[in-house]
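**Student:** Quick one: the structure is below, questions incoming.
There are 2 protein chains.
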Amino acid sequence: MGILIDPWGSFLIKDYERLIGEYRIEPFTKELLEKLPNPNKLMRRFVVFGHTDLQRIIKAIENKEKFYALSGIMPSYDKIHFGNKMVIENLCYFQNLGAKTFVCVADLEALATRKVKLEESRERALNFHIPAYIALGLDPKKTIFYFQSENEKAKNLCFAFSSKITTSEFKAIYGSLEASRIISSLLQAGDILFPQLENPMPGIIPVGPDQSPHILLTRDVAHRTKSMFGFIPPSAIYHKFTPALNGELKMSKSKPQYCISIPEEEDSIRKKIMDAFTGGRFTLREQRELGGEPEKCTVFELYKQHLVEYDEELNEIYRKCKNGELICGECKLMCIEKMLKFMKNFEKKLEKARKIVDRLKFLK
Amino acid sequence: MGILIDPWGSFLIKDYERLIGEYRIEPFTKELLEKLPNPNKLMRRFVVFGHTDLQRIIKAIENKEKFYALSGIMPSYDKIHFGNKMVIENLCYFQNLGAKTFVCVADLEALATRKVKLEESRERALNFHIPAYIALGLDPKKTIFYFQSENEKAKNLCFAFSSKITTSEFKAIYGSLEASRIISSLLQAGDILFPQLENPMPGIIPVGPDQSPHILLTRDVAHRTKSMFGFIPPSAIYHKFTPALNGELKMSKSKPQYCISIPEEEDSIRKKIMDAFTGGRFTLREQRELGGEPEKCTVFELYKQHLVEYDEELNEIYRKCKNGELICGECKLMCIEKMLKFMKNFEKKLEKARKIVDRLKFLK
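Top line first, the protein sequences correspond to chains A and B. Using my numbering, you'd call the opening residue of the first sequence number 1 and step up by one each time. Using my numbering, you'd call the opening residue of the second sequence number 1001 and step up by one each time.
Take a look at the structure:
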């Protein structure tokens, strides 16, 4: 049987407790986990730490009702990060349970907020992001990919929603009133809700906790346009960030020495993981005697979130670290091997996925 | 020869002087008028009182270069007003000079700012507004009508432009930061500029002075996206409002007793014009002795702006009023006859135009 509660403590748990309070995220509990059929490793290990109205999705699954899952691609950069990987893993989970699956290439948002031309976004998405999402597990036959700039329905909803949020609400949610932010967030609400236009149904949006303002805004908008559209407010699950390799909360491109992208060069992987912040003790002797502290360790977090599929194996690593058997040097080498294997596998699947991109059906 | 300067003074001229200063509108001068081939009555009579960069259009006409003219339909109401009529008259003027002509049904703006459903706007535009625009003179074969909700290009431009205007600029222009206002104004800029996407060319937008903030914003946006799109900032001409029949600056639906819509019932026309504020004197004797004051007269303004095509006839009315020959009672009856004739003619042409709407080619 799987691990039902997080036996390793949570990485930087305090930050997530704060998020739960601040952003009205409900905690993801053992009770909810038990109701999800064959939960994935992110759920079993409580890397998924919060949710909004997940009950509605559980009910749809139990009653075999139609529901959908949706995520986006931000095509402004030619790599993805481990946060994207978690989103895809969760998306795949719901796809396998029968969710109608949408992936939106946010080319208009990239244009508005990052001044990336539509053609540039398009090329990058076709050449890299969409194949990458398939390489990471999405079933290309069951996934509806589309470009935001070609989704008339979502764009029109963006206009319908624009009268439903007040200036002070925008200010409270985003702390700013930049037109590009406002318009992008309303369009995002349009993208999240357009699958319900003909047929209202529950939807699940797997996101990082930084996206919760968008979820809440979309839910508000759905409530406030009930008489016009009858949308069901979308549900969400939130996963923890992959910590930066210096131990900070979140990997970020702005500090590349502590961040591993997908893909990433072998040399760079080796160097970054060898330099990673761990839960090791000052001396080898101390570590043999006291054991390591995997709860604080960025390498262990990589195993837990990404590199170790089976709970038994993860338990074993945890045990060996705690009792001083496994020391950081060895452990990092093992992590490097697993990471290189992951990257190799990814690149192989990416090449394969690139060949089928021109056969995909895009929403128009 | 036509009348080259406004011999009757301007109705509420002070307000327009203020507008010229406040909204950076350039005065429409005799020199400009002389450069326009066969100016229409609104131009000859300086009802067109201001412009922005009209020189660019005059140059295009002189050099036989391509240019376009564009206007919008706000489909939230089932009648039009005399301001719309002036816009159409000016639009026709440039259409006759060879301007590629676009008319945008602002269904998304109606949705965002007035919560009118797209289907409702569509039906109203097809049933009334588009036929009305044709009835008032637009050549259906040379006019590209389209629905904002179906113009992908303009919508995408709206997103591209959203990063080009700061919050404080929006605040300065519109006095508010409502999302629906911001998004509508950026979309309007998209609509004004999309005809240039493949081929930059000068464009002329005939508007009332209250629309000048949109023109200025669009020009700013064109400048600021020069490297991305190379748009030529659009030109504009501004016409005076048709005064309300109580002598206030502008007819308004909110005071229906002083406002004549197109179309309007005969009884209602008779009553409203009979009650109209004129430049008449207190007593008939005074009027015979001193003459009337057509400069202050809402009835004379109806002649000047709408009901009298030939300058000779208008001059004659002016002369007879000034020397006390024509008194208000008679004059109002004459105005009623002319107004009823206009309405009858409009309704006849409207019926005819309705029959060809389904043969129009819409931009898609």
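No residue lacks a Cβ here, since even glycine has one placed at the ideal position from N, Cα and C.
Excluding sequence positions up to five away, which residues of its chain have a Cβ less than 7 Å from the Cβ of I20/A?
**Tutor:** Non-local C-beta neighbours of I20/A in its own chain, meaning closer than 7 Å and more than five positions away in sequence, comprise P27, G50, ordered along the chain.
**Student:** Can we count G1247/B as close to the ligand GTP, meaning its CB is less than 6 Å from some heavy atom?
**Tutor:** Annotation note on the ligand GTP: not contained in the displayed structure, which lists no ligands.
**Student:** If the criterion is Cβ atoms closer than 7 Å, does the pair G203/A and Y68/A meet it?
**Tutor:** yes
**Student:** Output, in chain order, the set of chain A residues within a Cβ distance shorter than 9 Å of E1366/B.
**Tutor:** Residue numbering for chain B in the displayed model covers 1001 to 1364; residue 1366/B lies beyond these limits and cannot be assessed.
**Student:** Shortest alpha-carbon distance to E89/A belongs to which of L138/A, Q257/A, K142/A, I73/A?
**Tutor:** L138/A
**Student:** Starting from the N-terminal side, write out each stretch of the alpha helix (DSSP H) that is 4 residues or longer and does not extend beyond the region 1091–1173 of chain B.
**Tutor:** Residue ranges of uninterrupted alpha helix (DSSP H) with 4 or more members, entirely inside the region 1091–1173 of chain B and ordered along the chain, are 1107–1114, 1118–1124, 1130–1135, 1152–1161.
**Student:** Would A125/A pass as a contact of P195/A if the rule is Cβ separation under 7 Å?
**Tutor:** no
**Student:** Using DSSP's beta-bridge definition, name the partner residues of I1080/B.
**Tutor:** I1262/B
**Student:** Starting from the beta carbon of L111/A, find every residue of chain B whose beta carbon is closer than 7 Å, and list them in chain order.
**Tutor:** Here the neighbours are F1159, A1160.
**Student:** Closest Cβ-Cβ distance between G1009/B and chain A: below 7 Å?
**Tutor:** Residue confidence for G1009/B is low, a pLDDT of 45 falling below 50, so the modelled location carries little weight and cannot support an answer.
**Student:** Can you tell me which residues form a DSSP beta bridge with Y1023/B?
**Tutor:** According to DSSP, which records beta bridges pairwise, Y1023/B is partnered with nothing at all.
**Student:** Spell out the partners DSSP gives H1051/B in its beta bridges.
**Tutor:** E1026/B, I1237/B
**Student:** How would you list, in chain order, the residues of chain A whose beta-carbon sits under 7 Å from the beta-carbon of S1180/B?
**Tutor:** Neighbourhood of S1180/B in chain A, by CB distance below 7 Å: S162, S163, in chain order.
**Student:** For P131/A, which residues from the same chain have a beta carbon less than 7 Å from its beta carbon, with the 5 sequence-adjacent residues on both sides left out?
**Tutor:** L350, A353, R354, V357
**Student:** Buried or exposed: G1175/B, going by 16 or more other Cβ atoms within 10 Å of its Cβ?
**Tutor:** It counts as exposed.
**Student:** T113/A and T143/A - do their beta-carbons sit closer together than 7 Å?
**Tutor:** Cβ distance not < 7 Å, so T143/A and T113/A don't count as in contact.
**Student:** Measuring alpha carbon to alpha carbon, tell me which of S121/A, H239/A, R219/A ends up nearest G230/A.
**Tutor:** R219/A
**Student:** Show which residues of chain A have a CB atom less than 7 Å away from the CB atom of F1170/B.
**Tutor:** Listed by position along chain A, the residues whose Cβ is nearer than 7 Å to that of F1170/B are A179.
**Student:** Taking L284/A as part of the alpha helix (DSSP H), name the residues at either end of that continuous run.
**Tutor:** Element bounds for L284/A: 284–290.
**Student:** Hey, would you say V1105/B sits closer than 7 Å to I1073/B, going by beta carbons?
**Tutor:** In this structure, V1105/B sits near I1073/B, with a CB-CB distance shorter than 7 Å.
**Student:** For T1283/B, count neighbouring Cβ atoms within 10 angstroms of its own Cβ and tell me buried if that reaches 16, exposed if not.
**Tutor:** exposed
**Student:** Judging by CA-CA distance, which residue of V221/A, L91/A, L302/A, T278/A is the nearest neighbour of G291/A?
**Tutor:** T278/A
**Student:** For I1317/B, does the three-state DSSP call read helix, strand or coil?
**Tutor:** DSSP places I1317/B in helix when its eight states are reduced to three.
**Student:** What are the start and end residues of the beta strand (DSSP E) that includes S1071/B?
**Tutor:** Its beta strand (DSSP E) spans residues 1068–1073.
**Student:** Measure the C-alpha to C-alpha separation of E312/A and E169/A and round it to an integer number of angstroms.
**Tutor:** For the pair E312/A and E169/A, the Cα-to-Cα distance works out to about 47 Å.
**Student:** If you follow the beta strand (DSSP E) that V1308/B is part of, which residue opens it and which one closes it?
**Tutor:** Careful: V1308/B lies outside any beta strand (DSSP E) and carries neither H nor E.
**Student:** May I ask you to verify whether the region 1212–1227 of chain B touches the region 1295–1304 of chain B, counting CB pairs closer than 8 Å and requiring at least 3?
**Tutor:** no
**Student:** Report the CB separation of L360/A from F145/A in whole angstroms; it is logged as a contact under 8 Å.
**Tutor:** 6 Å
**Student:** At the level of alpha carbons, what is the spacing between L111/A and H81/A?
**Tutor:** 20 Å
**Student:** Can you give the Cα-Cα distance for M1251/B and E1017/B, rounded to whole angstroms?
**Tutor:** 19 Å
**Student:** Please determine, among N1345/B, F1300/B, N1315/B, the residue with the shortest C-alpha to C-alpha distance to L1333/B.
**Tutor:** When the alpha-carbon of L1333/B is set against those of N1345/B, F1300/B, N1315/B, the nearest one is in F1300/B.
**Student:** Ordered along the chain, which non-local residues of its own chain (more than five positions away) have a Cβ less than 7 Å from that of L91/A?
**Tutor:** Cβ-Cβ distances below 7 Å link L91/A to A69, S71, T101, L138, P206 in the same chain, with the five nearest sequence neighbours on each side left out; the list follows chain order.
**Student:** Could you check whether the Cβ of T167/A sits closer than 7 Å to any Cβ belonging to chain B?
**Tutor:** yes
**Student:** Where does P1256/B sit, in a helix, a strand or coil, going by DSSP?
**Tutor:** helix
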